[in-house]
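These notes are about the structure you will find just below.
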DNA sequence: CGACCTGGTGTTATCGCTAACATCACCGGC
DNA sequence: GCCGGTGATGTTAGCGATAACACCAGGTCG
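Chains as they are written, first to last, in this note's numbering: chain A, 159 to 495; chain B, 159 to 495.
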């Protein structure tokens, strides 16, 4: 029985190509001072042996891994899930693998533990998706010098941060409703401790202020369709409500259903705008006008900031904001006369 | 300016504790032959220096990483997303980090590339979520000897495989409807090239056969609410349809809406059962009776099989099946008389 | 025409750890 | 009281890469 021989190492390639292992290393790392002919010979040997550099050995000598750690909530919410996907993709393109540390609840201890697990792994940098203040608090425990970028984190904290411009998106959504002729716009908000929700409330309010419209009380909910339904049951009974901006599409879905049950037609009687542009939004009844965050752009910016921090040694604390885009469909119309 | 000194290594701990680095290694790896007193001294030194073993060095000498690669579709579908979460959690508990390689489409080339990326990283094992035949095909390209477990893959392929028992779940759902008194049960299916969908069709059919009920034609759709709505519009017009088993909850949601629009009340006129038990299912109107797969159990089984393969060297090709559970809510009633 | 650079290559040390072997004190048994 | 076993520890040799330096041929230049 033939014993499983170990994977080929650099010296094996070197021997086959008739050069030293160092030359192989130079070829691999694209050093300039290698004769073209030698380079080709080495590359042929690499291919022939199906040689793959041992990352552990490289990491040991350079002190750097090609791994990025992401801490995210153990959730199936559309926003975070999309973001994570997009980030993995961007990182893979840049030659980094992504190790994900899920966390069940966004509390300080869990997040700190997840960050520690990543530091144990000696990741090159860490991304934390920290959409609530409890999550953002945990970042205080991370020692300086660890490259770290926060996504959807606390805008008032001096960390490197990338977010969707919640305010601008909410402003645009609200303005769109006002410009359709509505006197004012009601708002069903996500949980108050989420920065995303808070930012959307701010944007909504400033659009109303800018237009001189009355500011109705905020209806605070969570992110679920169920909560949107409950909010809708309430708002449907109020004839003065002709336009509603919902903090996400699932809320809008629940609200749509409540309106339909109460006989208030959308958009004829009530106009509705959502946020997120989930894949189903175009199939809602009616197709939902909503605000689409560019998760791919957020992912790219996040990776960019992180790579910069990695080369800096984690000193820069820039922030970047990604503008979302209003997607107009059929849930908005002028108010009934 | 003080230069950033390098991270403490084993020798630093050894020096502080007054022992050799090998003794530190023994403490770290729980070797038996260490005096209790020495062990405590070493542990104190570890804590004092905030020492973390260098995984790259360990991986270099042992030839093994503590990394598991997962290949999954770049999707936000509830099932795959939940599974991934659960798996990450289970792996973390077992001391493994999880590196995710997303793939945009489930075709052979993309999956093969993702698997190669993981092999470059020298992961200890790979998990592929391969719910379609195109994905399962790609596994033929993976050399034997690589520990690999497929989730939701092709039941007819001799790889190590873990799946939800689609057939049993569908059987139970269908039986539940028949036992409520319905003469037969219609079925709205997911995409035909998904193993999950095919398994559910089989289970549904064998329940009908077992009960001697007529087998109506399958309505094939995709996984979306939009498709469920379209299917519902058709089925709602057919008075003989009193019971429908949908291949997932989103299909059921769309169907529910179509029924309601056409004035067919659920469950009074038509009974409906879904599959997945998405978080919102309990808030549908009416709350949906559905089949809940135990993703945590699938994750545990997957990890178990993979760890076994890792120690075996990837020779065993067992398969495990996880039974799902019927969750009864309010969308099922006896047929109208 | 010898000193000096410079591009191409090889040699050696080193990263931090584990495996294997070496050492040493101490024990009980004949 | 010498011998072999055993438990606790130390010493040495790699794992497979990169970094730093050494080397050597050939061209340039004063």
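Ideal placement from N, C-alpha and C gives every residue a C-beta, glycine not left out.
For residue 177/B, I'd like the list of residues in its chain whose CB is within less than 8 Å of its CB, leaving aside the five on either flank, ordered along the chain. 196, 199, 200
Residue of 439/B, 353/B, 387/B, 216/B minimising C-alpha distance to residue 321/B: 353/B
In whole angstroms, what is the alpha-carbon distance linking residue 456/A and residue 360/A? 21 Å
Could you confirm whether any beta carbon from chain A is found closer than 7 Å to the beta carbon of residue 488/B? no
Taking the straight line between their C-alpha atoms, what separation do you get for residue 159/A and residue 469/B? Confidence at residue 159/A is low in this model, with a pLDDT of 32, below 50, so its placement is unreliable and no value can be given for it.
Same chain, Cβ closer than 8 Å to residue 276/A, five either side skipped, listed in chain order: 227, 229, 257, 259, 284
Along chain B, in chain order, which residues have C-beta atoms closer than 7 Å to that of residue 328/A? Result: empty, since nearest Cβ-Cβ is about 23 Å, beyond 7 Å.
Less than 7 Å between the C-beta atoms of residue 332/A and residue 403/A, yes or no? yes
Reducing DSSP to helix, strand and coil, say where residue 483/B ends up. strand
In the DSSP output, which residue or residues are listed as bridge partners for residue 227/A? For residue 227/A, which the question treats as bridged, DSSP gives the partners 257/A, 284/A.
So the beta strand (DSSP E) residue 303/A belongs to, where does it begin and stop? Looking at the DSSP string, residue 303/A is not in any beta strand (DSSP E), and its letter there is neither H nor E.
Could you check if residue 301/B is buried or exposed, using at least 16 other CB atoms within 10 Å of its CB as the buried criterion? exposed
Please list, in chain order, the residues of the segment 185-196 of chain B that have any C-beta partner in chain A closer than 8 Å. none
Exposure of residue 219/A, with buried meaning 16 or more beta-carbon neighbours within 10 Å: exposed
What runs of the alpha helix (DSSP H), each 4 residues or longer, lie entirely inside the segment 380-466 of chain B? 383-394, 407-419
Is the Cβ of residue 220/B closer than 7 Å to any Cβ of chain A? no
Tell me which same chain residues have a C-beta within less than 8 Å of the C-beta of residue 299/B, skipping the five on either side of it? 266, 270, 273
If we cut at 7 Å on Cβ distances, does residue 246/A have a partner in chain B? Judged by the 7 Å Cβ criterion, residue 246/A is in contact with chain B.
So with CB distances below 9 Å, who are the chain A contacts of residue 443/B? 387, 415, 419
Between the segment 247-259 of chain A and chain B, which residues of the former have a C-beta closer than 8 Å to a C-beta of the latter? 247, 250, 255, 256, 257, 258, 259
Which one or two residues does DSSP pair with residue 345/A in a beta bridge? 403/A
Cut-off 7 Å between Cβ atoms - residues of its own chain near residue 490/A, not counting five sequence neighbours on either side: 334, 335, 338, 425, 429, 431, 447
Please give me, in chain order, every unbroken run of the alpha helix (DSSP H) with length at least 4 that falls completely inside the segment 308-341 of chain A. 324-337
Opposing strand residues paired with residue 478/A [DSSP bridges]: 320/A
Should residue 268/B be flagged as near chain A, meaning a C-beta pair shorter than 7 Å? no
Candidates 240/B, 417/B, 313/B, 395/B, of which the one nearest residue 290/B by Cα: 313/B
Residue 209/A touches chain B at which residues, Cβ-Cβ below 9 Å? Here the premise fails: no neighbours, minimum Cβ distance about 11 Å.
7 Å is my cut-off, CB to CB: does residue 234/B come that close to chain A? yes
Any C-beta of chain B sitting closer than 7 Å to the C-beta of residue 310/A? no
Going by other Cβ atoms of all chains shown within 10 Å of its Cβ, with 16 needed for buried, is residue 412/B buried or exposed? buried
Can you tell me whether residue 161/A is buried or exposed, with buried defined as 16 or more other CB within 10 angstroms of its CB? Confidence at residue 161/A is low in this model, with a pLDDT of 40, below 50, so its placement is unreliable and the value that follows should be read with caution. That one is exposed.
Under 7 Å by beta carbon: chain B residues contacting residue 239/A: 234, 239
Under 8 Å from the C-beta of residue 180/A: neighbouring residues of chain B: The contacting residues do not exist; residue 180/A stays about 18 Å from chain B at best.
Which whole-angstrom value describes the C-beta separation of residue 347/B and residue 377/B, a residue pair presumed to lie in contact below a C-beta threshold of 8 Å? 7 Å
Please classify residue 379/B: is it buried, with 16 or more other beta-carbons within 10 angstroms of its beta-carbon, or exposed? buried
Whole-angstrom Cβ separation of residue 340/B and residue 493/B, contact assumed at under 8 Å? Your pair residue 340/B and residue 493/B checks out as a contact, with CB atoms roughly 5 Å apart and the cut at 8 Å.
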